[in-house]
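I have placed the structure first, in the form of structure tokens, so that the comments after it can refer back to it.
In the numbering used here, the protein residues as written are 34 to 656.
Here it is as structure tokens:
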């Protein structure tokens with residue numbers, strides 16, 4: 034069947050999916066957003082924090098950096114919560130730059146002392162990318178259609194959307210945009226022409242442009258600041274104006290306002306030495322986004338980018354005084370954006386993620402039907418530290434439960450499409466105590482974990498609960514029956530414990546009657562086995578050396594909340610790799626920080642570290 038014949042089916046399925054999502058929102062059953070961190074962008078300069086924590090109106094708007102699948106994030110933003118109202122009809126401008134090349138390399142290059150390694154996508158990212166490209170362009174259009182429909186829900190009556198795309202899928206996306214936004218609301222096809230000296234071709238013309246489709250929510254009602262994006266007239270035209278060769282009515286516009294911008298923009302791609310470059314493969318120039326934001330939003334407008342990438346939209350929005358939301362499903366993207374935003378000294382912002390990840394999202398997915406079977410495979414591959422294997426209970430019982438042979442130990446396998454967190458641990462403990470008469474111990478096997486999983490383990494404080502990590506590259510090894518058979522025969526699958534951070538005892542020193550100084554020093558970082566990081570074998574060997582010789586070099590950034598309230602982590606101090614303002618070492622964070630704080634009889638100091646792979650660890654200390 035041709036793509037044209039597939040389009041009606043894509044639209045029908047997309048509408049049905051959106052209908053379910055909107056019904057879920059109306060029934061107050063949408064996925065919620067959880068706040069991982071309230072980022073107060075004060076990067077370390079000298080190892081000493083003396084600044085005052087900025088006062089923030091708890092009820093005021095807060096810009097948002099959100100990790101997760103944008104389909105689920107948009108549900109949360111449309112639904113709203115007790116913390117923020119629904120954003121339906123509140124956004125003036127959406128710009129998206131979705132992936133549009135099925136052969137793109139989604140690996141991330143990580144530079145460590147003396148070695149470089151390449152990280153493959155996380156498990157959630159793997160599912161997202163495989164879903165996006167499983168059937169080529171057809172599955173891509175199935176992915177993008179419901180997302181575009183939900184984006185329309187966010188736009189204000191004066192709102193507009195810019196969809197950045199190229200020749201791979203652009204023409205088909207244009208048809209979907211006409212269907213969703215209305216052909217009458219198509220405003221411009223913008224051509225971004227860039228000069229790139231690289232590459233040679235023999236059988237075609239060199240490709241030197243992308244296109245950006247610009248649609249309004251309502252015909253002729255969209256916000257458009259035409260004078261804000263005028264371009265300069267040529268020197269020849271200016272000379273003619275000044276010589277009197279051009280009529281007086283046009284001289285003012287030529288000399289002061291400039292020329293109305295046309296729909297072909299010649300803007301260079303970011304060169305390797307550019308100051309704004311952050312090492313993200315699809316990074317777009319700030320100059321490109323500045324035009325779009327100046328034209329189609331005002332100061333204080335909300336601007337959203339649901340494929341945030343390197344964070345250019347958020348950075349430009351901040352620079353131009355706009356409010357912003359930036360989301361991405363990739364952990365590397367989120368880490369780059371967070372660092373970039375701090376470097377650009379933005380206002381405090383929320384770092385959030387989807388709560389019970391994918392709780393209901395896969396009810397209508399073909400993949401969901403295989404989760405139980407996948408759990409059984411995981412159980413069959415499990416071997417404990419004494420060499421004992423595991424068995425399932427059979428079809429009469431939940432497929433994600435098993436037990437270790439010759440023991441009273443229950444196995445609980447979480448879904449690859451969920452973040453394992455405190456609720457999961459509590460459920461596993463309940464099953465241990467009650468399932469089939471009760472068990473002595475429960476082992477939780479998880480694929481992906483909430484940011485505060487180490488804190489959650491400490492909170493439940495149950496010695497008969499163990500949490501282990503399923504190797505994230507296991508799915509790659511389960512592609513065929515033969516590879517699965519080899520895995521069973523080799524018995525080499527390793528389920529490792531979670532990573533964790535340790536610090537030295539916090540030193541408290543009195544400064545005066547009102548202030549004291551806290552000295553916080555990192556001690557060690559224990560990373561889960563290289564076998565459980567999505568790396569090639571040669572990179573696993575390199576990582577093993579780093580783990581043994583220089584474990585703290587694996588920390589991407591660490592931050593401190595000097596007075597943690599137990600609810601929201603506020604990062605009043607932070608240092609990260611590539612911050613050379615304090616030590617001229619781009620490959621290590623500094624290991625000691627001093628905080629001046631107001632005296633208190635008792636406080637909880639919370640330290641958060643995120644490693645180069647995006648794994649998060651938290652340490653809480655009562656001082």
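Yeah, the Cβ is synthetic: ideal placement off N, Cα and C, and Gly gets one too.
Looking from the CA of residue 416, the closest CA among 444, 406, 300, 58 belongs to 444.
DSSP places residue 203 inside the alpha helix (DSSP H), whose first and last residues are 203-214. In terms of Cβ geometry, residue 220 and residue 242 do not form a close pair [threshold 7 Å]. In the DSSP annotation of this structure, the continuous segment of the alpha helix (DSSP H) that includes residue 319 starts and ends at 319-329. Taken through DSSP and simplified to helix, strand or coil, residue 647 comes out as coil. A residue is called buried once 16 or more other Cβ atoms fall within 10 Å of its Cβ, and residue 605 is buried on that count.
Put simply, the backbone Cα of residue 113 is about 15 Å away from that of residue 188. The beta carbon of residue 162 sits closer than 7 Å to the beta carbons of 139, 154 from its chain, once the five residues preceding and following it are set aside; these are given in chain order. Looking at the DSSP output, residue 67 bridges to 386. Annotated three-state conformation of residue 275 is helix, per DSSP. Secondary structure note for residue 436: its beta strand (DSSP E) is the uninterrupted segment 434-437.
In this model, residue 422 and residue 502 are separated by some 16 Å (Cα to Cα). The residue among 184, 476, 449, 295 with its C-alpha nearest the C-alpha of residue 358 is 184. Counting only the Cα atoms, residue 71 lies some 28 Å from residue 194. Pairing residue 413 with residue 436, the inter-Cα distance amounts to about 10 Å.
When the alpha-carbon of residue 36 is set against those of 614, 61, 175, 103, the nearest one is in 175. Here the alpha carbon of residue 433 sits roughly 33 Å from the alpha carbon of residue 587. Taken through DSSP and simplified to helix, strand or coil, residue 626 comes out as strand. Between residue 340 and the set 129, 271, 430, the nearest pair of CA atoms involves 129. Collapsing the DSSP output to three states places residue 611 in coil. Using a 10 angstroms sphere on the CB of residue 356, the tally of other CB atoms reaches 16 or more, which defines it as buried.
Sequence-distant Cβ neighbours of residue 563 in its own chain, meaning closer than 6 Å and more than five residues away, are 573, 576, 577. For residue 141, the uninterrupted beta strand (DSSP E) run begins and ends at 141-145, by DSSP. Close CB contacts of residue 580 within its chain, under the 6 Å cut and outside five residues either way in sequence, are with 560 (chain order). Between residue 334 and residue 125, the beta carbon gap of about 4 Å places them in contact (Cβ cut-off 8 Å). The continuous stretches of alpha helix (DSSP H) do not include residue 498, which lies in the beta strand (DSSP E) extending over residues 498-502. According to DSSP, residue 97 shares a beta bridge with 358, 383. The Cβ atoms of residue 457 and residue 466 lie no closer than 7 Å to each other. For residue 452, the secondary structure class from DSSP, reduced to helix, strand or coil, is strand. In this model, residue 453 and residue 478 are separated by some 9 Å (Cα to Cα). Taking a contact to require three or more Cβ pairs closer than 8 Å, the segment 320-331 and the segment 261-270 qualify as touching.
The beta-carbon distance between residue 632 and residue 549, rounded to whole angstroms, is 5 Å. This is short enough to meet the 8 Å contact definition. Collapsing the DSSP output to three states places residue 186 in a helix.
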